[in-house]
Amino acid sequence: MIPPSLRALLDDTDGQRECEWADRRVWLAREAWGELAVCLQGAQVLHFLPASDATPAEGSLPYASTPVRAGAPVAMGEGEEALVPGGWLWVTPTPQALPGAIRGGIPLCWPWFADERGADESPDRSGPMHGPARKAQWRLEAADEHEGGVELHLSPTERLHSQLVPRAVIQANARRLHVELITEHVGETPVKLSGALHSYLAVADSFACRVEGLAGARYLDKLAGFAEREQQGELAVRGGLDRIYHSNAEAVLDDGDRRLRIARQGSDSVVVWHPGETPPDDTPVVAARHFLCVESANTRLDPVWLVPGAQHLLGTTLTCEAGS
Numbered sequence: 001m002i003p004p005s006l007r008a009l010l011d012d013t014d015g016q017r018e019c020e021w022a023d024r025r026v027w028l029a030r031e032a033w034g035e036l037a038v039c040l041q042g043a044q045v046l047h048f049l050p051a052s053d054a055t056p057a058e059g060s061l062p063y064a065s066t067p068v069r070a071g072a073p074v075a076m077g078e079g080e081e082a083l084v085p086g087g088w089l090w091v092t093p094t095p096q097a098l099p100g101a102i103r104g105g106i107p108l109c110w111p112w113f114a115d116e117r118g119a120d121e122s123p124d125r126s127g128p129m130h131g132p133a134r135k136a137q138w139r140l141e142a143a144d145e146h147e148g149g150v151e152l153h154l155s156p157t158e159r160l161h162s163q164l165v166p167r168a169v170i171q172a173n174a175r176r177l178h179v180e181l182i183t184e185h186v187g188e189t190p191v192k193l194s195g196a197l198h199s200y201l202a203v204a205d206s207f208a209c210r211v212e213g214l215a216g217a218r219y220l221d222k223l224a225g226f227a228e229r230e231q232q233g234e235l236a237v238r239g240g241l242d243r244i245y246h247s248n249a250e251a252v253l254d255d256g257d258r259r260l261r262i263a264r265q266g267s268d269s270v271v272v273w274h275p276g277e278t279p280p281d282d283t284p285v286v287a288a289r290h291f292l293c294v295e296s297a298n299t300r301l302d303p304v305w306l307v308p309g310a311q312h313l314l315g316t317t318l319t320c321e322a323g324s
């Protein structure tokens with residue numbers, strides 16, 4: 001689900017182009033394999049709609065937004081903010097102004113996750129929540145054909161850390177979305193690294209979802225002072241939650257309409273988050289009922305110690321199957 005203004009830009013796209021949205025530079029693709037939108041602030045995927053997941057509307061391209069006329073805003077209920085259905089990712093209808101980050105899509109949390117500032121170089125560890133990468137400007141180095149889709153390579157326009165250098169790789173085609181955050185150590189002393197691919201996945205109803213694959217896993221409950229617990233059975237989402245699961249298993253998000261598989265690379269933490277009925281200021285309460293974050297991460301449970309010359313790859317791969 002995305003704002004109508006972003007949907008309108010995609011409807012006016014034939015092939016690939018760069019343009020402005022929400023005062024930010026975005027890269028758009030609308031091709032036979034599907035649609036992709038990437039914000040160059042934060043190298044952040046905002047939207048992905050594969051052709052295989054779209055139903056053609058009369059007179060429209062096969063990958064047009066459905067079930068409504070492409071570009072038409074859809075209210076999710078009386079008094080709710082308008083969003084346009086279609087796609088695997090969710091973006092808030094009220095993004096905050098620069099220099100703030102856009103909530104939604106797949107933000108890059110780097111080189112630390114949340115307030116775990118292991119790689120923070122400020123004297124008092126006062127760096128921003130989730131690190132500087134998500135608000136930084138990135139450049140698109142290349143956009144190449146890849147497996148019937150596209151592969152993007154991005155890097156920050158400015159140095160974000162004295163010893164660590166990140167780059168992002170995004171692959172999209174008619175079957176899957178794959179995102180990599182690659183960190184290279186170019187300095188002289190070991191560095192403790194954490195981070196996340198903070199995926200906001202679009203769902204029919206946040207509080208009617210199940211996350212499969214975590215049964216029996218230990219987790220830290222951030223809403224209970226980081227109490228350590230064990231997941232009993234599959235996770236049923238019925239309200240706000242903020243948990244870090246220690247697991248390397250593939251997770252499946254089932255919202256009753258579709259099942260999104262979340263495979264991870266270089267990650268032994270799965271973060272599952274939803275703010276409940278008190279979302280952040282940049283997210284209307286009613287709009288928040290249509291996402292759930294299931295994140296590939298490195299957290300306090302599995303931090304990465306990088307030595308000089310080493311690299312680390314944090315990745316997530318999304319694929320879809322029919323709903324249960």
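Numbering (this note's numbering) for the sequence shown: 1 to 324. Positions of the beta carbon are idealized from the N, C-alpha and C atoms, including for glycine.
Exposure of residue i, with buried meaning 16 or more beta-carbon neighbours within 10 Å
i, result
"residue 270", "buried"
"residue 164", "buried"
"residue 35", "buried"
"residue 19", "exposed"
"residue 21", "buried"
"residue 137", "exposed"
"residue 122", "exposed"
"residue 120", "buried"
"residue 31", "buried"
"residue 114", "buried"
"residue 126", "exposed"
"residue 100", "exposed"
Sequence-distant residues of the same chain with beta carbon closer than 8 Å to residue i, five excluded per side
i, result
"residue 307", "185 and 190"
Unbroken beta strand (DSSP E) run spanning residue i, endpoints
i, result
"residue 166", "164-172"
"residue 221", "218-221"
"residue 301", "Per DSSP, residue 301 belongs to no beta strand (DSSP E) and is neither H nor E."
"residue 242", "241-246"
"residue 48", "44-50"
"residue 137", "From DSSP, residue 137 is part of no beta strand (DSSP E); its letter is neither H nor E."
Residue i: CB within 6 Å of a non-hydrogen atom of the ligand PLP
i, result
"residue 190", "For the ligand PLP, the structure offers nothing, since it holds no ligand at all."
N- and C-terminal bounds of the alpha helix (DSSP H) containing residue i
i, result
"residue 10", "4-11"
Short Cβ contact (7 Å threshold) for residue i with residue j
i, j, result
"residue 234", "residue 250", "no"
Coarse secondary structure for residue i, derived from DSSP in three states
i, result
"residue 273", "strand"
"residue 25", "strand"
"residue 97", "coil"
"residue 144", "strand"
"residue 290", "helix"
"residue 115", "coil"
"residue 254", "strand"
"residue 196", "strand"
Same chain, Cβ closer than 6 Å to residue i, five either side skipped, listed in chain order
i, result
"residue 67", "Model confidence at residue 67 stands at a pLDDT of 34, short of 50, so the residue's coordinates are unreliable and nothing is read from them."
"residue 95", "22 and 102"
"residue 252", "212, 213, 259 and 261"
7 Å Cβ shell around residue i - same chain, five flanking residues per side excluded
i, result
"residue 5", "21"
"residue 312", "183, 193, 266, 304 and 306"
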